[in-house]
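**Student:** Here's a structure for you.
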Amino acid sequence: MTSTAASLVATLEELDVEYVFGYPGGRVIELLEYLPESDVDVIRPRDEREASVMAEMYGRLTGKPGVLTGQGPWIGSLGMMGQMEARLASSPLVALTEASERGEYSTLAPYQQARGDYGGFSLPSILDGVSKEWWFPRTPTETLRSTQLAFKHAVSGRPGPTAVILDGDAINEEMPEESVPTTWDSVEQTRTWDSAPTTPDVEAAVDALETAERPVIIAGNGVHAAQAYDELAAVADAYDCAVATSYLGKSTYPETDERALGVIGSFAHEGANQTVSEADTLLVVGCRMNPMDVNWQAPEFIRPDEQTIVHADIDTRNAGWVYPADVGLIGDAKESLSALAGAGSSENSWALDRAATAREWFESPKCDSDSTPVKPQRAIKEIEAVVDEDTIVTADSGNNRFWLLYYLQTPAVRTYFGSGGVGGMGWSVPAGVSAALTTEKDVISVAGDGGFAMTMNSVETAVEYGVAPTFVILNDTSLGMVRQMQDDDHSIAGVEFHDTDFMKVAEAFGAVGTRTTTADEFATALENGKSADKPHVVEVRIDREEDMAETLSSSFYDSVGGLHE
């Protein structure tokens, strides 16, 4: 006979789970008792928030569910950050948690009770607001089947987070040798199949692209999720398209390529926005077209009454959601793009000519400035100088990500990932640690001083588990994005920070800390960090008076009346 906990760990092994990100507590301790004897490694950061982001980033990078575990009250609170990001950024994640119930005492609302009975709180209700699916099994058979289904649903269709709430009694009971319903082989039970668009829809899309004179592709996060990079490039070449991306789609296409336009939207390149507005045909792939991506629907941006829109998405609800689509391609992005690449072609010179002009918006005289404090534009160009095809940049929320969005030209696919699902501050640091654990690539995590301070404990996690990201702090001693919303007549409380010595923090964690005040010092520190086998924290003092909003001076930006964040 085998206990339920042991069977769950065996299931994780059968499903080739590499890591469980979490924190011991409650009834998940039973799982953690068996994991040391398995092939699954446990990554235990300092709290559930950081664990949840690490699990989400693992899922985003690999396409396999990142596994998050911990005690129910904290998976449902601190650990919600990564789960919310996973839901909105379509990252597969499985949370294995528990309700901290106490068996027959549950109706008396014991300490930490999260089962949903009178006197306690309802973890199922909390998870229901975020998860694609959740289960609360009460028997060993239910527990095993629920876990299998959690892995299946996390990657089925549009990926996202799922959860299993373990029962305190069931986790310790023995698995029956036979059961009804039957528990099947874990690999067979979790198998999924990719969906593909219909032949008539592919033919209609091919006709639209072949007859287009000014075709533009808008590539979104769905291309990352499907890892359809080669297929995207093949379609761009076949139909002579210019290629723009959404914010979450950044690095689905190299921004140094001759067809690249950069990122569209309210916080993106005017050249890319103008080109999209000039297109006669738009192929939208894996992008929901959220308000920031489409400049808050500025009337002059996308015009479905004048432009042909082909919308490819894995979820039929997303195609034509924001703008009416002329053709919908419903299926996995890799399948849809493969079908288009193999079914037609066309030639025109407009895309290459227009893209060359659009990419001029990547540059600014301030990118070469030697002034101190360092211009954020120059800081981003120094980061760009050390980013190659074997480097991953993780970007936090706030001004830092918009400077990166605007001035960092990604040289290859899968070189940039940002907090843009729920968009929480503090995402970049644990995401950077996860990327370093998950891949063999160099990792540069970029955050402002506010976001870095929220999750800087992850620097210690990097030290503990032997990975060496470079953590960059663009320090303006404030919540810069919010501070810049102030005007002479209206101040905002809570935007200023005292000057924290992050170098001492880094050294206390066992990392190397370097404070830089010039662009040359920053460039040297980046090179040192990237080549080291120990985590480096590199702070650069940026010019806090350099207004991000003034940089984003497009007519689309002005038309919606300012920042929306």
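No gaps in the numbering here: position 545 of the sequence shown is 1024 in this note's numbering, and each next residue is one more.
We treat Cβ as the ideally placed atom computed from N, Cα and C, and that holds for glycine.
By Cβ distance below 6 Å, which residues in the same chain neighbour Pro-640 in space, the five residues on each side in sequence not counted?
**Tutor:** Only Gln-562, Ala-565, Arg-566, Leu-572, Ser-610 meet the Cβ criterion.
**Student:** Can you grab the Cα-Cα spacing for the pair Thr-918 / Ala-891, in whole Å?
**Tutor:** 16 Å
**Student:** Considering just the uninterrupted stretch of the alpha helix (DSSP H) at Pro-855, what are its terminal residues?
**Tutor:** Its alpha helix (DSSP H) spans residues 855-864.
**Student:** Take the Cβ of Ala-972 as the centre, count every other Cβ of all protein chains shown within 10 Å, and call the residue buried at 16 or more, exposed below.
**Tutor:** exposed
**Student:** Under a three-way DSSP split, which group does Ile-971 fall into?
**Tutor:** coil
**Student:** With a threshold of 8 Å between beta carbons, is Pro-616 in contact with chain D?
**Tutor:** The question asks about chain D, but that chain is absent: this structure has only one protein chain.
**Student:** Between which two residues does the alpha helix (DSSP H) holding Phe-988 run?
**Tutor:** It spans 981-988 - the alpha helix (DSSP H) in which Phe-988 sits, taken as one unbroken run.
**Student:** Taking 8 Å as the cut-off, decide whether the C-beta atoms of Ala-629 and Leu-606 are in contact.
**Tutor:** no
**Student:** Taking its Cβ as the centre, do 16 or more other Cβ atoms sit within 10 Å of Gln-963, making it buried, or is it exposed?
**Tutor:** buried
**Student:** How do the region 699-718 and the region 820-828 stand: do at least 3 beta-carbon pairs fall below 8 Å, yes or no?
**Tutor:** yes
**Student:** Using the three-state DSSP reduction, which class does Leu-511 fall into: helix, strand or coil?
**Tutor:** helix
**Student:** Could you tell me how far apart the beta carbons of Val-499 and Val-546 are, in whole angstroms, since I believe they sit closer than 8 Å?
**Tutor:** 5 Å
**Student:** Identify every residue that forms a DSSP beta bridge with Phe-896.
**Tutor:** Thr-873
**Student:** Alpha carbon to alpha carbon, how far is Thr-620 from Ala-574?
**Tutor:** Thr-620 and Ala-574 have their C-alpha atoms roughly 18 Å apart.
**Student:** Output the residue ranges of the alpha helix (DSSP H) runs that lie fully inside the region 747-832 and measure 4 residues or longer, sorted by chain position.
**Tutor:** 749-757, 812-820
**Student:** Bridge partners of Glu-1018, per DSSP?
**Tutor:** DSSP lists Ile-952, Arg-994 as the beta-bridge partner residues of Glu-1018.
**Student:** Expressed to the nearest angstrom, what Euclidean distance is found between the alpha-carbon atoms of Glu-939 and Val-912?
**Tutor:** 10 Å
**Student:** Using DSSP with H/G/I as helix, E/B as strand and the rest coil, what is Gly-1008?
**Tutor:** helix
**Student:** Should Ser-665 and Thr-795 be called a contact, given that it needs their Cβ atoms to be closer than 8 Å?
**Tutor:** no
**Student:** Please state whether DSSP places Leu-958 in a helix, a strand or coil.
**Tutor:** coil
**Student:** Determine the contact status of Glu-583 and Gln-592, defining contact as a CB-CB distance below 8 Å.
**Tutor:** no
**Student:** Per DSSP, what are the beta-bridge partners of Met-654 in this structure?
**Tutor:** In the DSSP output, where bridge partners are listed per residue, Met-654 has Thr-481.
**Student:** Counting only the same chain and skipping the five closest in sequence on each side, list residues whose C-beta sits under 8 Å from that of Leu-494.
**Tutor:** Phe-630, Ser-665, Val-666, Thr-669
**Student:** Under three-state DSSP, which class holds Asp-867?
**Tutor:** Looking at Asp-867 - three-state DSSP - the assignment turns out to be coil, as it is neither helix nor strand.
**Student:** Which whole runs of the beta strand (DSSP E) in the region 883-949 are 3 residues long or more, in chain order?
**Tutor:** 895-897, 921-927
**Student:** According to DSSP, simplified to helix, strand and coil, what is Asp-736?
**Tutor:** coil
**Student:** By Cβ distance, which residues of its chain are closer than 6 Å to Glu-814, with the 5 residues on each side in sequence left out?
**Tutor:** Residues of the same chain with a CB within less than 6 Å of the CB of Glu-814, apart from the 5 flanking positions on each side, are Asp-673, Ala-675 in chain order.
**Student:** Nearest to Pro-855 by alpha carbon, out of Ala-837, Thr-662, Asn-878, Trp-614?
**Tutor:** Asn-878
**Student:** Report all residues from its chain with a CB closer than 6 Å to the CB of Gly-538; omit the five preceding and five following residues, and keep chain order.
**Tutor:** Around Gly-538: Pro-544, Gly-545, Ser-570, Pro-571, Leu-572.
**Student:** Quick one: grab the DSSP three-state call for Phe-976.
**Tutor:** coil
**Student:** In whole angstroms, what separates the C-alpha of Glu-861 from that of Glu-842?
**Tutor:** 13 Å
**Student:** Among all the DSSP beta bridges, which residues are the ones paired with Tyr-420?
**Tutor:** Given a span of 480 to 1044 for the chain in the structure shown, any question on residue 420 remains unanswerable.
**Student:** Where does the unbroken alpha helix (DSSP H) through Val-546 begin, and where does it stop?
**Tutor:** Looking at the DSSP string, Val-546 is not in any alpha helix (DSSP H); the run it does join, the beta strand (DSSP E), is 545-548.
**Student:** Write down the C-beta distance between Ala-739 and Val-695 rounded to the nearest angstrom, noting that I regard them as a contact closer than 8 Å.
**Tutor:** With a Cβ gap of about 11 Å, Ala-739 and Val-695 do not count as contacting.
**Student:** Among the residues of its own chain, which have a CB less than 7 Å from the CB of Val-496, if the five just before and after it don't count?
**Tutor:** Val-519, Val-546
**Student:** Give me, in chain order, the residues of the same chain whose beta-carbon lies closer than 8 Å to that of Glu-512; leave out the 5 immediate sequence neighbours on both sides.
**Tutor:** Ala-484
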